[in-house]
Amino acid sequence: MRAFDGGGAGGTHLHTRTKGKAADSLASGALWRDSPAEVARHADIIFTMVGFPRDVEEVYFGADGILAGAERPPFPSQWRGAMRRP
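Per the UniProt record's numbering, the very first residue in the sequence shown carries number 1; after that it's consecutive.
What follows is the structure in structure tokens.
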């Protein structure tokens, strides 16, 4: 994950369910966030790697999930109009 460690104007914000697994990224300058919602408040782009459907639901739709923290509509709704043919 070195490509994402700490770079960019706003830095790399990350959350994992097990903070210890992020130790290398944090040591390289990534910024820890306490929930997926908090990551969403600071991010323009979000990458996820989630294992099981229940986990996906929690990460995206839970009380502290990505959509709870998003201040603007998620990208699929923004792309929908652009994908229509004239």
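For each residue, glycine too, the CB sits at the ideal point set by N, CA and C.
Quick caveat, the model's predicted, so the values are computed rather than measured.
For this session: Check His-42 in the structure and name its three-state DSSP category.
Result: In the sequence shown, counting from the first residue as 1, residue 42 sits at position 42. Here His-42 sits in helix by DSSP.
Exercise. Does the Cβ-Cβ distance between His-15 and Ser-35 come in under 8 Å?
Worked result: By one-based count along the sequence shown, residue 15 stands at place 15. By one-based count along the sequence shown, residue 35 stands at place 35. Going by C-beta atoms, His-15 is nearer than 8 Å to Ser-35.
Problem set entry | Chain-order list of residues whose beta-carbon lies under 7 Å from that of Glu-71 (same chain, five-residue window excluded) | By one-based count along the sequence shown, residue 71 stands at place 71. Correct list, in chain order: Arg-41.
For this session: Could you tell me which residues DSSP puts in a beta bridge with Leu-14?
Result: Along the sequence shown, read from residue 1 onward, the residue named residue 14 stands at position 14. BP columns for Leu-14 point to Trp-32.
For this session: Under 8 Å by Cβ, that's how I've got Gly-11 and Leu-31 pegged, so tell me the actual separation to the nearest angstrom.
Result: To locate residue 11, count along the sequence shown from 1; it is residue 11. To locate residue 31, count along the sequence shown from 1; it is residue 31. Between Leu-31 and Gly-11 the Cβ distance is about 5 Å, and since that is below 8 Å, they are a contact.
For this session: Note the first and the last residue of the continuous alpha helix (DSSP H) segment covering Phe-61.
Result: Numbered from its first residue, the sequence shown carries residue 61 at position 61. 53-61 is the extent of the alpha helix (DSSP H) around Phe-61.
Exercise. Would the beta-carbon of Gly-69 fall within 8 Å of that of Glu-38?
Worked result: Residue 69 sits at position 69 when you count from the first residue of the sequence shown. Residue 38 sits at position 38 when you count from the first residue of the sequence shown. The answer is yes: Cβ separation under 8 Å.
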